[in-house]
Amino acid sequence: MADIEQRESWGSRWGLVLAAAGNAIGIGNLLRFPGQAAQNGGGAFMIPYVVSLFVFGLPMMWVAWTVGRMGGRWGHGSTPGMFERLWPHRASKYLGVLGIVLPLVFCFYYTYIESWCLAYSWFSLTGDYASTPDRAVHLDRYLAEYLGDSSSHSYFPGYTTTFTFAVIAISLNVWILYRGVARGIELLAKIAMPLLFLFCLILVVRVFTLGDVKGSVWDGLNFLWTPDFGALASPTVWIAAAGQIFFTLSIGFGSLECYASYLRENDDVALTGLTTTATNEFVEVIFGSLIAIPACAVFFGAEQVKPIAESGTFAIGMVSMPEILRSLPGLEFFGAIWFLLLFFAAFTSSVGVCQPVMAFLQDEAKLPRGAAAMVIALFWFLGTIPCIYFFRYGTLDEMDFWAGTLGLVVFAIVEAILFAWVFGMKRGWVEMHRGALIRVPAVFRYVLKYVTPVALLAIFCAWFVEAIAKDKLIPTPRVRYEVVDLHEFHGTFGGSGNGESGEIRKAVAAEVERVERDLFAWADAVLLPSGSLEIHSLQGDPELVAVVDAAGLQRWLDLDGFAYSGPPAGREGVEEPRTVRIRIEALHRAPYIWLVRFLIASVTIAFIVIIGALWRRRSVEVGPSRRTTAAAEVAS
Amino acid sequence: MSAGAVVFMLLTMGAVAALAAICLVAWVRAKAPRPPAGGAPPEELP
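Going line by line, the protein sequences match chains A and B. Residue 571 in this note's numbering sits at position 571 of the first sequence, with consecutive numbering throughout. One rule links them: number in this note's numbering = place in the second sequence (from 1) + 1000.
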């Protein structure tokens, strides 16, 4: 009982709501949502989006808060203990390991992404990515070099800057966790969330006062919101909407459960869950659709918005937006605000997501707060290293696939079944309404019991099938070529490839798999004033050169339509032939992907062993009579 | 902007803003009694 009384609690109701909203609001609200909506039916995307929200988003939000508060009554801030209260069976605590491993692995890569935002806000302040006549900054290559995902080192000599910002981001997170719930997470939310709203407002005003350059903000809004009802017939659109709801609400991590565990027994969870959802949706739907896509429409024109939206979350945030911001006066201010906005959104999420691990170490392993923070810091640094140094092999995507995609649905399925079927809807409903400030509509009782588990299973199957279809489970080599000294050219190199070079790529990939190592080659080419490239020589790994010689590379470039397109007005073009160096790289991804899988499996097994040991130790300490009483209490 | 885009945008944003406003009002009006800090002892589940 003493342990239960010593648990922390939230300092204020508003602090809790802000912290929970901060947990849910992340980078995905501002970047992923507009991209997904634009690609999946525009305004019509909102139909499956709202359906998903009501079918499993909101119900699982209420379940998370209810399960968490219930676990907190028994001194559990993480899901092994919480699930045991839902299902008094020796296996239940092991199912709860998902609520520790998933947030921990998620934090490994998410904090790294967070550190990019922090770094870019610094680069904005210092004007580092502003192009000068002597130094052309291509923002896609700038990002690739920052991540170590490029053969050239025109902007970043190595990993020093990347590593430094990752260390800063991890240290900030650990520091907040060390300070505790009220003095750390809640205080951070009280500072960061108002700033986040303020930054959003400043940027919305700035975007709407840009005027017309190649388009208008209305073109962007038109593109984003024009309903394409035909898209609703596509299962992909429904799966995309369901995925967006999953990612945006931070359900399936055990973090909301952990936040709820610091509530008092009769504190409301029904209105808190609804408010968390509402605040998150407010930021996502309103601010998410009013900043990035309209800004892109203004600067790149309406016809360019679709390819930008399809280029992915980070291309919108880290390439297109800086491109716009550096074209405007006040890059230092608005650039810093944009990236600080993303950083704060990510920061409030990452501390929240990692809190269950902290709570597990404190509540179950009985570690003092400082020791728990040190253990987490150690895991965190070690787990982030593969993301930093092996990024080019797809390690970050691999972690995201298991911990941030499939794992979330598995966790949600387990929690939904335990709550609605094992613990029982009748008891669950009463528990949900203990101290409730609103009544949850009765229809959700049936939705939770029948519809939500089926919908979650359907999402899991769809994602798994998609992963098989896209060869995500079997790591294939990554084959590409790029111009090395890009900073010398103000124009861009690119292709209009129609996939005809696929056979060449496949041949290179097959060779990589045969020799089981990375293969590299370098070509000297001449860039002609017409923009086309002539390959003169090629040298490198003999195995690669045997598959693609100079003539083969020339054919590859021709099939891709790879050429130089003119620089922006006012800058010098290519008036006479120039030498260009091209690098081919074929990466053997399998060892690194399996390293990540081994890492995740090891962490999972380690926590399963720890849980088993802790529960055995507790069983010995409590003694048989107390165990019987506790089991009877739970069973009652 | 097309009429469909305007309708969808206003409907969605309006609904989201209304939901947020309802929650805000509910929080402001809520005067639920709170037990003293330190946490109450666990009760039996219903």
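Beta carbons are placed, not taken as given, at the ideal position from N, Cα and C, and that holds for glycine. It should be emphasised that the depicted structure is a prediction, and the values quoted were computed from it without experimental measurement.
Any Cβ of chain B within less than 8 Å of the Cβ of residue i?
{"i": "V205 (chain A)", "result": "no"}
{"i": "A469 (chain A)", "result": "no"}
{"i": "T275 (chain A)", "result": "yes"}
{"i": "N222 (chain A)", "result": "yes"}
{"i": "G552 (chain A)", "result": "no"}
{"i": "V285 (chain A)", "result": "yes"}
{"i": "F444 (chain A)", "result": "no"}
{"i": "G43 (chain A)", "result": "yes"}
{"i": "W642 (chain A)", "result": "What is shown of chain A runs 1 to 636, which leaves residue 642 (chain A) out entirely."}
{"i": "E621 (chain A)", "result": "no"}
{"i": "W218 (chain A)", "result": "yes"}
{"i": "E281 (chain A)", "result": "yes"}
{"i": "E103 (chain A)", "result": "Note on residue identity: the sequence assigns Pro, not Glu, to residue 103 (chain A). No, P103 (chain A) does not count as interfacial toward chain B."}
{"i": "A278 (chain A)", "result": "yes"}
{"i": "G570 (chain A)", "result": "Only weak support exists for where G570 (chain A) lies, its pLDDT of 48 falling under 50; the coordinates are left without a value."}
{"i": "T79 (chain A)", "result": "no"}
{"i": "L271 (chain A)", "result": "yes"}
{"i": "T226 (chain A)", "result": "yes"}
{"i": "L437 (chain A)", "result": "yes"}
{"i": "M82 (chain A)", "result": "no"}
{"i": "M46 (chain A)", "result": "yes"}
Go ahead and pull the three-state DSSP assignment for residue i.
{"i": "W87 (chain A)", "result": "coil"}
{"i": "I656 (chain A)", "result": "With chain A covering 1 to 636 only, the question about residue 656 (chain A) has no answer from this structure."}
{"i": "R514 (chain A)", "result": "helix"}
{"i": "R7 (chain A)", "result": "coil"}
{"i": "S565 (chain A)", "result": "strand"}
{"i": "F108 (chain A)", "result": "helix"}
{"i": "G494 (chain A)", "result": "strand"}
{"i": "R135 (chain A)", "result": "strand"}
{"i": "R434 (chain A)", "result": "coil"}
{"i": "E265 (chain A)", "result": "coil"}
{"i": "R589 (chain A)", "result": "coil"}
{"i": "S320 (chain A)", "result": "helix"}
{"i": "G211 (chain A)", "result": "coil"}
{"i": "I474 (chain A)", "result": "coil"}
{"i": "W74 (chain A)", "result": "coil"}
{"i": "N29 (chain A)", "result": "helix"}
{"i": "E500 (chain A)", "result": "coil"}
{"i": "F253 (chain A)", "result": "coil"}
{"i": "M61 (chain A)", "result": "helix"}
{"i": "F282 (chain A)", "result": "helix"}
Answer with yes or no whether the minimum CB distance from residue i to chain A is below 8 Å.
{"i": "G1014 (chain B)", "result": "no"}
Whose C-beta lies closer than 7 Å to the C-beta of residue i among residues of the same chain, with five residues either side of it excluded?
{"i": "W225 (chain A)", "result": "G42, G43"}
{"i": "R392 (chain A)", "result": "G148, D149, L587"}
{"i": "W65 (chain A)", "result": "L256, A260, V269, T272, G273"}
{"i": "L614 (chain A)", "result": "E364, A365"}
{"i": "K190 (chain A)", "result": "G15, L18"}
{"i": "F607 (chain A)", "result": "V97, I100, V101"}
{"i": "I202 (chain A)", "result": "I337"}
Near residue i, which residues of its chain fall below 8 Å by C-beta distance, leaving aside the five closest residues on each side in sequence?
{"i": "L325 (chain A)", "result": "S124, L331, F334, G335, W338"}
{"i": "A130 (chain A)", "result": "V137, R326, L331"}
Report all residues from its chain with a CB closer than 6 Å to the CB of residue i; omit the five preceding and five following residues, and keep chain order.
{"i": "W594 (chain A)", "result": "none"}
{"i": "A436 (chain A)", "result": "D268, A270"}
{"i": "M193 (chain A)", "result": "L18, G22"}
Which residues does DSSP list as the beta-bridge partners of residue i?
{"i": "E534 (chain A)", "result": "A:V526"}
{"i": "Y481 (chain A)", "result": "A:I584"}
{"i": "Q539 (chain A)", "result": "A:W522"}
{"i": "T579 (chain A)", "result": "A:V526"}
Inter-stretch contact (C-beta, 8 Å, three-pair minimum) for the stretch 277-291 of chain A and the stretch 77-89 of chain A: Of all C-beta pairs linking the stretch 277-291 of chain A to the stretch 77-89 of chain A, fewer than three are shorter than 8 Å, placing the two stretches out of contact.
Cβ pair count under 8 Å reaching 3, the stretch 158-174 of chain A against the stretch 368-377 of chain A: The answer is yes - the stretch 368-377 of chain A touches the stretch 158-174 of chain A, with three or more Cβ pairs under 8 Å.
The stretch 20-31 of chain A touching the stretch 247-260 of chain A, judged by at least three CB pairs closer than 8 Å: Counting C-beta pairs closer than 8 Å gives three or more between the stretch 20-31 of chain A and the stretch 247-260 of chain A, which meets the contact rule.
The stretch 27-40 of chain A / the stretch 232-247 of chain A touching (three or more Cβ pairs under 8 Å): With a cut-off of 8 Å, the stretch 232-247 of chain A and the stretch 27-40 of chain A count as touching, because enough Cβ pairs lie within range.
Touching by the beta-carbon criterion (3+ pairs, under 8 Å), the stretch 220-235 of chain A and the stretch 291-306 of chain A: Contact between the stretch 220-235 of chain A and the stretch 291-306 of chain A is present: three or more C-beta pairs spanning the two stretches fall below 8 Å.
Inter-stretch contact (C-beta, 8 Å, three-pair minimum) for the stretch 101-117 of chain A and the stretch 402-417 of chain A: Pairwise C-beta distances place the stretch 101-117 of chain A in contact with the stretch 402-417 of chain A, as three or more of them are shorter than 8 Å.
Segment contact, 8 Å Cβ cut-off, at least three pairs: the stretch 509-520 of chain A with the stretch 532-546 of chain A: Contact between the stretch 509-520 of chain A and the stretch 532-546 of chain A is present: 3 or more CB-CB pairs across the two stretches fall below 8 Å.
The stretch 493-504 of chain A contacting the stretch 550-569 of chain A, beta-carbon criterion three pairs below 8 Å: Touching, per the Cβ criterion.
Touch test, the stretch 174-194 of chain A against the stretch 6-14 of chain A, Cβ-Cβ under 8 Å, three pairs minimum: In short, these stretches touch, since the Cβ pair count reaches three.
Touching by the beta-carbon criterion (3+ pairs, under 8 Å), the stretch 112-120 of chain A and the stretch 132-141 of chain A: In short, these stretches do not touch, since the Cβ pair count stays below three.
Contact the stretch 456-475 of chain A vs the stretch 419-430 of chain A: 3+ CB pairs below 8 Å: For the pair of segments examined, the stretch 456-475 of chain A was found not to touch the stretch 419-430 of chain A: the number of CB pairs separated by less than 8 Å stays below three.
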